[in-house]
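Report on one structure; see the data block that follows.
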Amino acid sequence: DSGVTQTPKHLITATGQRVTLRCSPRSGDLSVYWYQQSLDQGLQFLIQYYNGEERAKGNILERFSAQQFPDLHSELNLSSLELGDSALYFCASSRTGDSGNTIYFGEGSWLTVV
Amino acid sequence: AQRVTQPEKLLSVFKGAPVELKCNYSYSGSPELFWYVQYSRQRLQLLLRHISRESIKGFTADLNKGETSFHLKKPFAQEEDSAMYYCALGTQGGSEKLVFGKGTKLTVNP
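Which chain is which? The protein sequence lines are X and S, in order. Using our numbering, the letters of the first sequence correspond one by one to residues 25 to 138. Using our numbering, the letters of the second sequence correspond one by one to residues 988 to 1097.
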């Protein structure tokens, strides 16, 4: 158990809908990362938050947004869903987000868009 | 730009045989390299990182800056080593986001 908790584990929704994925980082970790894992694109970095502030942005679509709350949990919002958004979404956390910190991953949230 | 290349999508070996999973990176700064393992689409687990120079489950990896490589090796593969292996590059500059390779699926046959 990495200590990173993600909910829901599985989610099936229709195209055009909006979903929210939730992540609780390991105790004491200030940095949260979101990754998308799909069969054709592999593991793609989406976005990173550090202590409530956005720190780095990757290949995140405009239809997607994220935030980190004062209690350090994070949510990834996916809207106007398309079939191609079906993927495994991982949350990860690390202590400070600086170079040298190990990143620990959650179990992921399986999103299926039908 | 940072990039990680794992040239082999699939690698199949027999139990007891040596295994080497290749990883090459491209990064202008001082790299931090990691290997993560993923069993059956579960969460990614850190296998090892180059700065700790440790051996986990018999796996080792050496950073070769001249060849920009961080190949993962194990002298005697076991069936339970069958999994997806991802090489990852950690970047500097205030963010520890990881850039992943596309992964290599290792199958160890009995």
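From the three backbone atoms N, C-alpha and C, an ideal C-beta is built for every residue, glycine too.
So residue i contacts chain X; which residues on that side make the cut at Cβ distance below 9 Å?
i: Lys950/S; result: The structure shown does not extend to residue 950/S, since chain S is modelled only from 988 to 1097, so the question has no answer here.
i: Tyr1073/S; result: Gly66, Leu67
i: Arg1036/S; result: Thr126
Between residue i and chain S, is there a C-beta pair that is closer than 7 Å?
i: Phe129/X; result: yes
i: Gln60/X; result: no
i: Gln41/X; result: no
Show which residues of chain S have a CB atom less than 9 Å away from the CB atom of residue i.
i: Phe93/X; result: What Phe93/X touches in chain S: nothing, since even the nearest Cβ is about 20 Å away.
Give me the Cα-Cα distance between residue i and residue j, rounded to the nearest whole angstrom.
i: Leu1059/S; j: Lys81/X; result: 29 Å
i: Gln989/S; j: Thr136/X; result: 30 Å
i: Ile1043/S; j: Lys1084/S; result: 23 Å
i: Leu1035/S; j: Trp134/X; result: 26 Å
i: Arg50/X; j: Asp1068/S; result: 27 Å
i: Arg42/X; j: Ser98/X; result: 16 Å
Closest Cβ-Cβ distance between residue i and chain X: below 7 Å?
i: Leu1033/S; result: yes
i: Arg1040/S; result: no
i: Arg1030/S; result: yes
Assign residue i to one of two classes, buried (16 or more other C-beta atoms within 10 Å of its C-beta) or exposed (fewer than that).
i: Leu1008/S; result: buried
i: Ala1064/S; result: buried
i: Gly1053/S; result: exposed
i: Pro1018/S; result: buried
Leaving out the 5 sequence neighbours to the left and right, which residues in its chain are closer than 6 Å to residue i when beta-carbon positions are compared?
i: Phe88/X; result: Leu102
Within the same chain, show all residues whose beta-carbon is closer than 7 Å to that of residue i, passing over the 5 residues directly before and after it, in chain order.
i: Asp157/X; result: Outside the shown range of chain X, which is 25 to 138, sits residue 157/X, and nothing can be said about it.
Give the residues of chain S in contact with residue i, contact being defined as C-beta atoms less than 7 Å apart.
i: Ser117/X; result: What Ser117/X touches in chain S: nothing, since even the nearest Cβ is about 10 Å away.
Residues in its own chain within less than 8 Å of residue i by CB, not counting five upstream and five downstream?
i: Pro994/S; result: Lys1009, Asn1011
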